[in-house]
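Chemist: Numbering (our numbering), first residue to last: 60 to 1339.
Sharing a structure with you now.
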């Protein structure tokens, strides 16, 4: 043996020397080529002989370098670098030879047996790299030592410790890739048949020592190496059994049992030193099972594991659950007989942990529990159903309700919630019908069963509404729905059997069931129409349409309720409605009849079904707005309920009215939903108003208010502040000035702080006033301020608020007089054709334009909302064919508002700023005039044949209002003759002259250009033709002969022409004072034309004269035109000696109050005295109070602008058309009133104080002069 060792060492030395020589050559060769061959010709280097013959060491080169100069330090064509160097180190590794003395002594332990003990101990300090290189030799040496000392235990512990040390090395991360080497050794090379006895003995000794609390250093390393210790034991026992044909089996099993008992004793130990060991045992015990079960009875092993878990201390619950999880993953748990023993202890442990609800750090305990349960269910799902029946029963009884409660307690954002729900779903999925039946029987009392069912229904509903899985995980959601559907149906059978009879009826349980079922059927996951066609087909093929199944089940459960149905009305109306709105035809047909059953049930109990009706109206609004409902549902709803009611004549009429109501509501809701996301806010507003009007008609206050605020928000988005104010005013009108508490119906979220009607109404008024202020509707704001002021002064006595309110009122009054408010235009818009929505189709609306909005701009914006619509180029109404065609045609034209009569202004001097506001606000009637031709046309005078076709429109409400437009509810048409047209034109011209005179009289800074154009256009016949056209057309003998009925109108036209002269004179007088030198020739030309015109008119139609415009006594100019029409003063017809009292009152005059006979007689007498006593017209004494100017004060900046386009708009705002047209006049009036009415048609309003004496014309008769004086005196006394 010694010779062999020497030979081996000598061979090893020789090999090393050979290797060293090779490395020396390599070192020199590399050194030369790297250090000295820095540069060279690459072509020369292709010849190997060039460098193989070169020196290999530095010592060979240095003598040559010393004799060569720096420039000639080249050897063999290569330049040499003496400054660079590198080093090469080598490592020799051998898997057969070692130089470690300790390892070598163990491997050759037989050479020196007296050093065996020392060598075994030295092994623990040998470098691990050496051991793993000689792993097989080392293990062979250890087991050889054990076998050769089989009858002695002298070396057992040392060998065991050495083995544990080697196994520990393999377990190290550095050498973990040697695990396969160790596995291969155990299976292929290990041959120690008696080693199991020694290993088990030492292992048990260590365990016993440790369980007594005594010091045992190797035990922790032993527990960590437990897996491979048992692999050696099992392999040794297997080899022994093969060699001796299964002998000593009993002894082996007994020894194995004692080992596990020792482990259990360790787990029972209460010593502090045992805690770490117990944790290690829990961690590694599962790793030995796969090997142990091959040589040990599995039932006995399972029993030992059962005892093992029973011994674990309470403070190691987390490690216990982890250990159980590892055991469940083992092949042992897949055996039914093993599960019979292990599953009860595992489920018991899980139940205790989950029931305790103890929150551990990081929620690890729950995570370990759910991982364990998931592993168990996964194993059971892979087994045959017959073999897992009892195990599923065990889990169901022990854990189902516990899992449910855990899910209920957990938040939906908990990261483990989906795991618990999946486990609960798996348990329900593995339960068969017998499981459901037996589980129901486990509840001792009905109350416990009711509690379970209710909490299950609530949990299901919550999970359906808040899916714990990602939205795109359709497969998992469908599996969950399938399982839930089966569970719901099974639990519903229990409800029918146990909780349906009167004595046992559980209303809340049934209510929870219905709400759960409806939530199930309406969940997004089951709405197949939202999926692609291919995906929908796959779902139907695999799962079917679960909506139908649960829908039919709901229907059946409802009809089973019998007399208990009344308990669910109206509570179940909303859920059933939600279900019937699902777009599935068969489901709708099956469930809509439930509504009639509800109506019939309530009717039998109360004689009506108001509760049902109120609830369905409320819920239908929410559902349709949320996207449910369609035309098909509307048709089915109407058809089915009508058919159902036909069998019950007593209720048929009520049902018919109800169906009609719901039909109307549903149509409006569908229209509203269709435009909800429309870019056109106008359409949304229209539909919103339709709905709020509908709710107002049926007295649904809460819904009415809800849509009021929707409309308000739309207006604010469009900056329609006036309309927003009117909208909120509707809410305020529902409130009272009282301290009555507000009901929920009249409250809104933004006014939750207002508890009483008074507070809420006050807050609303403040907001409305703010909106009116922004919309420049100060008249409306003042009215609300006054109402608030009355409350502050007379009710709550808050003078501070009153003072603020009065200051605000004063500001509004100032704004009315000083701030320019442009007059909006009004447009008639017709939507013709079947292509429009129902709320627009073949209807006409009057729109209120925005400030300075032209018709072209308005029309373009209108057409942008309907890109497929065609613009109609005519204002004539379309025919029926176009209305019924599937097209879109829009007709748009400008209309003129008709001033409403305001009694508070009658016979009073009203400033222009005030009256102009009412010309375009608070209007409900509108005119559109279209010229037409009748009879022969005179090419030289078109006025003679120009008839006017005037269409009058009446809207549903006054404008402005809660919308910027309202539907036209009535239309009428009249035709105006050419003479009447001429009278209107002259009236408008005179009023325009007077309006402009008023403006220039009140504002010295206005530019002269507009006045110049207006006057020149009238006085210069070459420009406009003047009234000469009228004279040629109407003031002829032929016309008088052919139209004797028009004599009164002819006189009126002459009167208007005569009055135009003094108006023009006043204008020219102002023009003269302000005209610039550059325009002086133009003015002189205009004066010359006016002189000719004046001579002609005064000669033919008489003289009319106005006083000076300056009221010097009051110190400021007075208005010549009162914007609200008073009775005018002089009539041309009164100057005719042959004329009497007019016979006919034309439709254009204002309605006058009918005077009593006494009053009429008194006035007549007084006028008679005046006429007889005064030869000339006298002015009535003026009132002493100061009157306001009727001129709008322009902004200083705007007055300086010479821009004629801007000014023309402003002056258009200052003037208006005849305000008196088409107002009704009482038929029974006195002669005097008729005269005054007749006079009022002749000229615009002129204050009586401004009338001077009328100079008689030489061309007129004395009779004419006297008549004029009489008329003037009468008017002078009635004007004020």
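Just so you know, even glycine gets a beta-carbon here, dropped at the ideal spot from N, CA and C.
Classify residue 978: buried if its beta carbon has 16 or more other beta carbons within 10 angstroms, exposed otherwise.
Modeler: So residue 978 counts as buried.
Chemist: According to DSSP, is residue 919 helix, strand or coil?
Modeler: Residue state, collapsed to three classes: helix.
Chemist: Taking residue 755 and residue 763 to be in contact with their CB atoms under 8 Å, please state how far apart those CB atoms are, rounded to whole angstroms.
Modeler: Rounded, the Cβ-Cβ distance is 5 Å, consistent with contact.
Chemist: Which residues bound the alpha helix (DSSP H) around residue 780?
Modeler: Counting along the chain, the alpha helix (DSSP H) containing residue 780 begins and ends at 780 to 791.
Chemist: Please state whether DSSP places residue 990 in a helix, a strand or coil.
Modeler: Strand at residue 990.
Chemist: Cα-Cα, which of 1157, 813, 824 is closest to residue 786?
Modeler: Considering only alpha carbons, the answer is 824.
Chemist: Nearest-angstrom Cα distance between residue 361 and residue 173?
Modeler: Spanning the two alpha carbons is a distance of roughly 46 Å.
Chemist: Which value, in whole angstroms, describes the spacing of the CA atoms of residue 815 and residue 861?
Modeler: So the two alpha carbons sit approximately 20 Å from each other.
Chemist: Going by the CB atoms, is the gap between residue 898 and residue 745 shorter than 8 Å?
Modeler: Yes, these two residues count as a Cβ contact at 8 Å.
Chemist: Helix, strand or coil for residue 969 per DSSP?
Modeler: If DSSP states are grouped into helix, strand and coil, residue 969 belongs with coil.
Chemist: Which residues does DSSP pair with residue 1005 in a beta bridge?
Modeler: According to DSSP, residue 1005 bridges with 992.
Chemist: When DSSP labels each residue in this structure, what does residue 905 get in the three-state scheme?
Modeler: Here residue 905 sits in strand by DSSP.
Chemist: With a 10 Å radius around its C-beta and 16 neighbouring C-beta atoms as the bar for buried, classify residue 232 as buried or exposed.
Modeler: Burial call: exposed.
Chemist: Which residue marks the beginning of the alpha helix (DSSP H) containing residue 633, and which one marks its end?
Modeler: Looking at the DSSP string, the run of the alpha helix (DSSP H) that includes residue 633 is 632 to 639.
Chemist: Excluding the five sequence neighbours on either side, which residues of its own chain have a C-beta within less than 6 Å of the C-beta of residue 224, listed in chain order?
Modeler: Once the five neighbours on either side are set aside, the close Cβ partners of residue 224 are 183.
Chemist: What number of angstroms, rounded off, separates the C-alpha of residue 826 from the C-alpha of residue 796?
Modeler: One C-alpha to the other measures close to 17 Å.
Chemist: Assign residue 972 to buried or exposed, taking buried as 16 or more other Cβ atoms, counted over all protein chains shown, within 10 Å of its Cβ.
Modeler: With 16 or more Cβ atoms within 10 Å of its Cβ, residue 972 is classed as buried.
Chemist: Between 456, 377, 467, which has its C-alpha nearest residue 427's C-alpha?
Modeler: Looking at the Cα atoms, 377 is the closest of the given residues.
Chemist: Taking the alpha-carbon of residue 474 as reference, which of 569, 425, 859 has the nearest alpha-carbon?
Modeler: The candidate whose alpha carbon is nearest that of residue 474 is 425.
Chemist: For residue 538, collect the residues of the same chain with a Cβ closer than 8 Å to its Cβ; drop the 5 residues on either side in sequence, then sort them by chain order.
Modeler: Excluding positions up to five away in sequence, the list reads 484, 488.
Chemist: Alpha carbon to alpha carbon, what distance is there between residue 724 and residue 743?
Modeler: Their Cα atoms are separated by approximately 16 Å.
Chemist: Based on the DSSP secondary-structure assignment, which residues constitute the bridge partners of residue 950?
Modeler: Per DSSP, 889.
Chemist: Quick one, are the C-beta atoms of residue 659 and residue 696 less than 8 Å apart?
Modeler: Going by C-beta atoms, residue 659 is not nearer than 8 Å to residue 696.
Chemist: Report yes or no: do the stretch 1026 to 1043 and the stretch 1051 to 1067 share at least 3 C-beta pairs separated by less than 8 Å?
Modeler: Taking 8 Å as the limit for Cβ pairs, the verdict is that the stretch 1051 to 1067 does not touch the stretch 1026 to 1043.
Chemist: Using the C-alpha atoms, what's the distance from residue 1120 back to residue 1038?
Modeler: Going by the C-alpha atoms only, they are around 20 Å apart.
Chemist: Taking the beta strand (DSSP E) that residue 1026 falls in, what are its first and last residues?
Modeler: Segment 1024 to 1035, the beta strand (DSSP E) holding residue 1026.
Chemist: Looking only at C-alpha atoms, which of 533, 541, 576, 532 sits nearest to residue 551?
Modeler: Comparing Cα-Cα distances from residue 551 to each of 533, 541, 576, 532, the minimum goes to 576.
Chemist: When you measure from the CB of residue 934 to every non-hydrogen atom of the ligand NAD, does any distance come out below 7 Å?
Modeler: Among the components of this structure there are no ligands whatsoever, and the ligand NAD is therefore not found.
Chemist: Can you give, in chain order, each stretch of the beta strand (DSSP E) that sits fully within the stretch 847 to 890 and has at least 3 residues?
Modeler: Those beta strand (DSSP E) runs which fall completely within the stretch 847 to 890 and span 3+ residues do not exist here.
Chemist: Indicate whether residue 568 and residue 636 have their beta-carbon atoms separated by less than 8 Å.
Modeler: Contact flag unset, no.
Chemist: Are there 16 or more other CB atoms within 10 angstroms of the CB of residue 938, so buried, or fewer, so exposed?
Modeler: Exposed, by the Cβ-count rule.
Chemist: DSSP state of residue 1368, grouped into three classes?
Modeler: This structure gives no information on residue 1368, because the portion of the chain shown stretches from 60 to 1339.
Chemist: Roughly how many angstroms separate the alpha carbons of residue 648 and residue 522, rounded to a whole number?
Modeler: Each residue's alpha carbon lies about 28 Å from the other.
Chemist: Taking only three categories from DSSP, how would you classify residue 381?
Modeler: DSSP places residue 381 in helix when its eight states are reduced to three.
Chemist: Could you pull out every residue in the same chain whose Cβ sits closer than 6 Å to the Cβ of residue 832, ignoring the five residues on either side in sequence?
Modeler: Counting only Cβ-Cβ distances below 6 Å, and skipping sequence neighbours, we find 840.
Chemist: So, residue 262 versus residue 281, is the Cβ gap smaller than 8 Å?
Modeler: Yes, these two residues count as a Cβ contact at 8 Å.
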